[in-house]
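A.B. asks: Below you will find the structure I want to go over with you.
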Amino acid sequence: MNHRVYILYSEKLDRFYVGYTSNLDLRLIFHQNPEQRKYTHNAKDWALYHKIDCSSKRQGLSIETHIKRMKSKI
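For the sequence shown, full-length UniProt numbering begins at 1 and goes up steadily by one.
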């Protein structure tokens, strides 16, 4: 199983979105579907900015949490 933390960027909103997934391709499709997405529904231009491969779900969730905490301190 592929565990990944991913960062999306919207130029329209000038914002980043940080998430964790075990299936990046499926998750990116989800973010493009306006009926399913919640936070990312405000823009249609979300693009993959960066991805981090992780060795486990635990590591992935830990990295995701760390990044989210860091951005609120900037």
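Yeah, the Cβ is synthetic: ideal placement off N, Cα and C, and Gly gets one too.
So if DSSP puts Ser10 in a beta bridge, which residue, or which two residues, is it bridged to?
C.D. replies: The partner list for Ser10 (beta bridge, DSSP) reads Arg15.
A.B. asks: Distance check for Arg58 and Phe16, CA to CA, integer angstroms please.
C.D. replies: Roughly 22 Å between the two C-alpha positions.
A.B. asks: From Asn42, Lys71, Leu24, pick the residue whose C-alpha is nearest to that of residue 94; which is it?
C.D. replies: Nothing about residue 94 can be reported from this structure: the residues present for the chain run from 1 to 74 only.
A.B. asks: Would you identify the three-state DSSP class for Asp45, choosing helix, strand or coil?
C.D. replies: Reduced to three states, the DSSP call for Asp45 is coil.
A.B. asks: Quick one: give me the first and last residue of the alpha helix (DSSP H) that Gln59 is part of.
C.D. replies: First-last of the alpha helix (DSSP H) with Gln59: 57 to 71.
A.B. asks: Taking 8 Å as the cut-off, decide whether the C-beta atoms of Leu24 and Arg4 are in contact.
C.D. replies: Against a cut-off of 8 Å, the Cβ pair of Arg4 and Leu24 comes out as a contact.
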